[in-house]
Amino acid sequence: MKKFLIGIVIVVVILLAAALIIPAFIPADTYKRLAIEKVQAATGRTLAVGDFHVRLFPAVGVTMDNATLSNPPSYGDAAPLLAAKSLKVDVVLLPLLSGKIEVGEVILDSPDIHLHVTKDGVKNWQMPQQQKAPAPAAVQAESHQATVPVRDISLSGLSISNGAIAYDNDAAGQHWQARALDIDLAMHGMHSPLSFDAKGEWNGRKIAAKGKFSSLGDVMGGGRAEGSASISSELLSVSTEGVIAQEAYSGKADIKSSSLKALQQWLDPAAKPVDMASSLAFHASGNVQCSADSCAFDKADISLDSLKATGSLRVRKGTVPEIGADLAFDTLDLNPFLPQAHAEAAGIVSDALAAEPRWSDKPIDLSGLKAIDATFHITAGNLLYRKLTADKLNLQGQLKSGELQASANAGLYDGTGDMALTLNAAASSLQSRAALKGVQAEKLLEALADSDRISGAADLQLNVQSHGGSERELVSALAGTGQLKLNNGAIKGTNLLAMAQNVGSAFAQAGSSSESTPINNLSGNFTIAGGVVSNKDLVMATPSMRLAGQGDISLPTWSINYRLTPQVAGSREGVGVPVIVTGSLDRPHFQPDVNAIAQQAIQNPDQFKQQLKNTRENFKDQLKNPQDAVKNLKGLLKGF
103 MKKFLIGIVI VVVILLAAAL IIPAFIPADT YKRLAIEKVQ AATGRTLAVG
153 DFHVRLFPAV GVTMDNATLS NPPSYGDAAP LLAAKSLKVD VVLLPLLSGK
203 IEVGEVILDS PDIHLHVTKD GVKNWQMPQQ QKAPAPAAVQ AESHQATVPV
253 RDISLSGLSI SNGAIAYDND AAGQHWQARA LDIDLAMHGM HSPLSFDAKG
303 EWNGRKIAAK GKFSSLGDVM GGGRAEGSAS ISSELLSVST EGVIAQEAYS
353 GKADIKSSSL KALQQWLDPA AKPVDMASSL AFHASGNVQC SADSCAFDKA
403 DISLDSLKAT GSLRVRKGTV PEIGADLAFD TLDLNPFLPQ AHAEAAGIVS
453 DALAAEPRWS DKPIDLSGLK AIDATFHITA GNLLYRKLTA DKLNLQGQLK
503 SGELQASANA GLYDGTGDMA LTLNAAASSL QSRAALKGVQ AEKLLEALAD
553 SDRISGAADL QLNVQSHGGS ERELVSALAG TGQLKLNNGA IKGTNLLAMA
603 QNVGSAFAQA GSSSESTPIN NLSGNFTIAG GVVSNKDLVM ATPSMRLAGQ
653 GDISLPTWSI NYRLTPQVAG SREGVGVPVI VTGSLDRPHF QPDVNAIAQQ
703 AIQNPDQFKQ QLKNTRENFK DQLKNPQDAV KNLKGLLKGF
């Protein structure tokens, strides 16, 4: 773009020079031919002009009607780079003798600019690079002595009316249009105020901009200029006031958008729409500092819909842009920003596993991790994500070369939670460490899986790793180790104690969903391989007995196959009955191990006789209500 603007300036300068050096009485066609030749030599483009008028007094002036500047020859018959209904330029003569250029007025009527980038990255506004041999020293000295240095430039007015700019980037798939452009700019000297006022349409919506700065010349001389500028439209308003000095800008800024979703579609119609219910109303104000390659927003007040934060944001340009954020929220409620399809989800896990197949085979695209480098630190008094709530969140991390490393700690359901995550886009791999201490299991499971079947204060240590290109691959490759402890809790929906203590109670209680199993404490270690969690040393202590457990939980199939063996202390009811737990993780089935009962009967027939007696007595009570008896018998056979 810079080279394109330089090319336009070259065209104007060539035209002005032609008007000054050619005798006044040369026909207009001679001026026209000379201008076309000079433009061709300087830019490699063809200048086509309709009517061509030259004025010498009281100011040197050139007017061109129906002027066009072509694309590079390789573009063929494509629309020209520049087409204008008319161009008028005036320069006052006398100030030139003292090294001052006073441009009276530049008027551009109905310019139509078409900027185009091909699929090969070729830009139609790029001018050819011309190598010139250095002039002899004597000629350089003579030229230097004969040249009057430019001491000042003034522009009484630049007026563009009914302009249009189209940008098409075939390489990046980006396209935008600006139409109905009316621009007025004035600069009455290099050390005088510069002001501008512009309005038009961008991608079909009206937009306006205006500003004023104290002195462009002071900045070019290493000084400073104060000023203000603003942009306003239906979807975006930006205002700033500050100082330009040494190629940098500092001041205050205010940015507001009624909808970032709509703003994205306006600025880039080809972009994929944001999938969330929220409109993303945005407002930020604070101190801004910008240089040629970076910009920082400090001491900022930021709001996004109902979210409010204070802190700083930083952006640095480069082959890979760098972004930094340090933000503090009172409440970080993420629910309004969930995809619309999941906005009404119940539990985090239960919603993800609500439909078959339980794990998606859709490829996970991690390429976005390579698009930027970032560092971030986020704190929040409260965190809300679907049904999950936490407090005193402290999240920090870094994204570098496609690898995300993040860690977080928070208060979680009367306990604390710590987590660390490493996600690598190149290897499609993850590593995670989690530690929970004193967390109320019932509240956590209800938030995660919409289930309240287990209660108690839980401690969890977990270290896992995996790799894969989809959910199913990641779960199937999951490996790691962990440890679980639970104190002062219960298992709801079944009475494992009655089931394990005697066959009669097993039959009687097998179908009861109103029963529960109290737990004094529970502990066990587990390993994970191929997504299957294996445990061999579970110990569960209840008020009247202990149970040992071992078995597997298969995450790929979301199923459980587990066995609890009672260790009854001083039981008078007979032989303890092992309990088998099978089915899905969200709806497990508990049932007594009948095969184990038969083996115990063979090994100890007297105790089994007593067990049958207890069974008969239990069924007498049950037969008083036949419907309950049938229900419980079905429960024994099928589990619940």
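Here my numbering is used: the sequence shown runs in plain steps of one and ends on residue 742. For every residue, glycine included, the Cβ atom is placed at its ideal position computed from N, Cα and C. Computed from a predicted structure; not experimentally measured.
query	result
How many angstroms separate the CA atom of VAL241 from the CA atom of GLY152?	Caution is warranted here: a pLDDT of 44 is assigned to VAL241, below 50, making its placement in the model unreliable, and the coordinate value is therefore given only provisionally. Taking the straight line from one Cα to the other gives about 38 Å.
Within the continuous beta strand (DSSP E) that includes LEU217, where are the two ends?	214–219
For a quick check, are the C-beta atoms of ALA485 and THR491 less than 8 Å apart?	The question names Ala, but residue 485 in the sequence shown is Leu. Contact: yes.
From the DSSP output, read off the bridge partner residues of PRO98.	A query on residue 98 cannot be resolved here, the shown segment of the chain reaching from 103 to 742 and no further.
Taking only the alpha-carbon atoms, compute the straight-line gap between GLY302 and LEU468 and give it to the nearest angstrom.	39 Å
So LEU471 and GLY504 are in contact, right, with Cβ under 8 Å, and what is the actual spacing, rounded?	5 Å
Could you pull out every residue in the same chain whose Cβ sits closer than 8 Å to the Cβ of GLU573, ignoring the five residues on either side in sequence?	TRP461, SER462, ASP463, LYS464, ILE466
Have a look at LEU506, PHE439, ILE480, ALA288 and flag the residue whose alpha-carbon is nearest the alpha-carbon of ALA473.	LEU506
Could you tell me which of VAL422, ASP516, TYR269, SER568 sits nearest to VAL541, measuring between CA atoms?	ASP516
Starting from TYR269, follow its DSSP beta bridges and name the residues at the other end.	LEU217, TRP278
Find the nearest neighbour of LEU365 within the set PHE315, ILE309, ALA355, VAL679, judged by alpha-carbon distance.	ILE309
What does DSSP give as the partner residue(s) for MET166 in the beta ladder?	PHE154, LEU189
Considering Cα atoms alone, identify which of ILE621, LYS358, LEU514, GLU544 is closest to GLY591.	ILE621
In three-state terms, what does DSSP make of ILE466?	coil
At what residues does the alpha helix (DSSP H) containing TRP368 begin and finish?	362–369
CA-CA distance, ASP377 and LEU338?	20 Å
Would you tell me roughly how many angstroms separate the C-alpha atoms of ILE357 and ASP407, rounded to the nearest one?	14 Å
DSSP three-state call for ALA536: helix, strand or coil?	strand
When the distance is taken between beta carbons, is GLY626 closer than 8 Å to ASP639?	yes
Using the rule of at least 16 other Cβ atoms within 10 Å of the residue's Cβ for burial, across every protein chain shown, is ARG135 buried or exposed?	exposed
DSSP has TRP304 in a bridge; who is on the other side?	ALA280, ARG307
Going residue by residue through the stretch 492–569, where are the continuous alpha helix (DSSP H) segments of at least 4 residues, counting only ones entirely within it?	543–551
For ALA373, which residues from the same chain have a beta carbon less than 6 Å from its beta carbon, with the 5 sequence-adjacent residues on both sides left out?	GLN366
Between GLY426 and the rest of its own chain, which residues show a CB-CB distance below 6 Å, the 5 nearest in sequence each way excluded?	ARG416, THR477
To the nearest angstrom, how far is it from the Cα of THR619 to the Cα of ALA551?	20 Å
Which same chain residues end up closer than 6 Å to ALA355 when comparing Cβ atoms and leaving out the 5 residues on each side of it in sequence?	THR342, VAL390
If SER381 sits next to LYS410, beta carbons under 8 Å apart, how far is it from one beta carbon to the other, in whole angstroms?	16 Å between Cβ atoms; not a contact.
In three-state DSSP terms, what is THR477?	strand
Helix, strand or coil for ASN697, going by three-state DSSP, please let me know.	helix
Which residues in the same chain have their Cβ closer than 7 Å to the Cβ of ASP299, if we skip the five residues on either side of it in sequence?	ASP286, LYS312
How many angstroms separate the CA atom of GLY606 from the CA atom of ASP688?	Below a pLDDT of 50, predicted positions are generally treated as unreliable, and GLY606, at 47, falls in that range; the measurement from the model is reported next regardless. Each residue's alpha carbon lies about 28 Å from the other.
Do ASP657 and VAL683 have their C-beta atoms within less than 8 Å of each other?	Position check: residue 657 holds Leu in this sequence, whereas Asp was assumed. Going by C-beta atoms, LEU657 is not nearer than 8 Å to VAL683.
Using only the alpha-carbon positions, how far apart do ASP428 and PHE399 sit?	10 Å
Count the other CB atoms, across all protein chains shown, that sit within 10 Å of the CB of GLY595; report buried if there are 16 or more and exposed otherwise.	buried
Does the distance from the CB of ASN589 to the CB of GLY558 come in under 8 Å?	yes
Where do the ends of the alpha helix (DSSP H) carrying LEU576 lie?	573–578
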